[in-house]
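Peer 1: Numbering (my numbering), first residue to last: 1 to 180. The following block contains the structure, expressed as structure tokens.
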């Protein structure tokens, strides 16, 4: 009994192969269109979010031009002996030995007082708000640690006041003193 060679090689099943192949390609095409739609939607959302961020940042800049109460308070005492301004090195997350010496000298001139401390960090487009807040926190914690542990000032005599981003293009520390 001899069988047909075509049955071993698919014979009539050759048409089922092409039907399966076309069905597979249709599914791949549908998936391609579906993923393109999703990626197009996500990219349009990204562009829309970026436009909103630009709008929000321009509003934020307009609000920053309004001086804070703390800044006005220290500006009133700008020319008195009770105010202290220390310009910090650019892109520095640490206070230098010279900075500590200046702080120590100023505190020695005004002993046994209440110290109001502001740490201004210059707004920089290259850094996120979180990194600027981190920098402000690090500078303040170094200053607070120095005043508490080295200068032995009680924590009840140190008042930290929040500040807006620096009105200047550099980081700085401002301190004022009041009677207890």
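Note that CB positions come from ideal geometry on N, CA and C, so glycine has one too.
Is residue 109 near residue 180, with beta carbons less than 8 Å apart?
Peer 2: No, the pair does not count as a contact, with Cβ atoms beyond the cut-off.
Peer 1: Identify, in the order they occur along the chain, each residue of the same chain with its Cβ nearer than 7 Å to the Cβ of residue 96, setting aside the five sequence neighbours on each side.
Peer 2: Closer than 7 Å at Cβ, skipping near neighbours: 89.
Peer 1: Give me the DSSP bridge partner(s) of residue 118.
Peer 2: BP columns for residue 118 point to 174.
Peer 1: Relative to the C-alpha of residue 150, which residue among 50, 100, 130, 176 is closest?
Peer 2: Of 50, 100, 130, 176, the residue nearest in Cα terms is 100.
Peer 1: Go ahead and pull the three-state DSSP assignment for residue 67.
Peer 2: At residue 67 the pLDDT is 48, less than 50, meaning the model places this residue with poor confidence; the figure from the coordinates comes in the next sentence. If DSSP states are grouped into helix, strand and coil, residue 67 belongs with coil.
Peer 1: Identify the continuous beta strand (DSSP E) that holds residue 87 and give its terminal residues.
Peer 2: Residues 83-87.
Peer 1: Going by CA-CA distance only, name the one from 107, 106, 112, 119 that's closest to residue 94.
Peer 2: Out of 107, 106, 112, 119, 119 has the C-alpha closest to the C-alpha of residue 94.
Peer 1: Here's the rule I'm using: 16 or more other beta-carbon atoms within 10 Å means buried, otherwise exposed. How should residue 136 be labelled?
Peer 2: By the 10 Å Cβ count, residue 136 comes out buried.
Peer 1: Taking a contact to mean a Cβ-Cβ separation below 8 Å, would you say residue 143 touches residue 117 in this structure?
Peer 2: Yes, they are a contact pair.
Peer 1: Which first and last residues belong to the alpha helix (DSSP H) in which residue 103 is found?
Peer 2: Residues 97-109.
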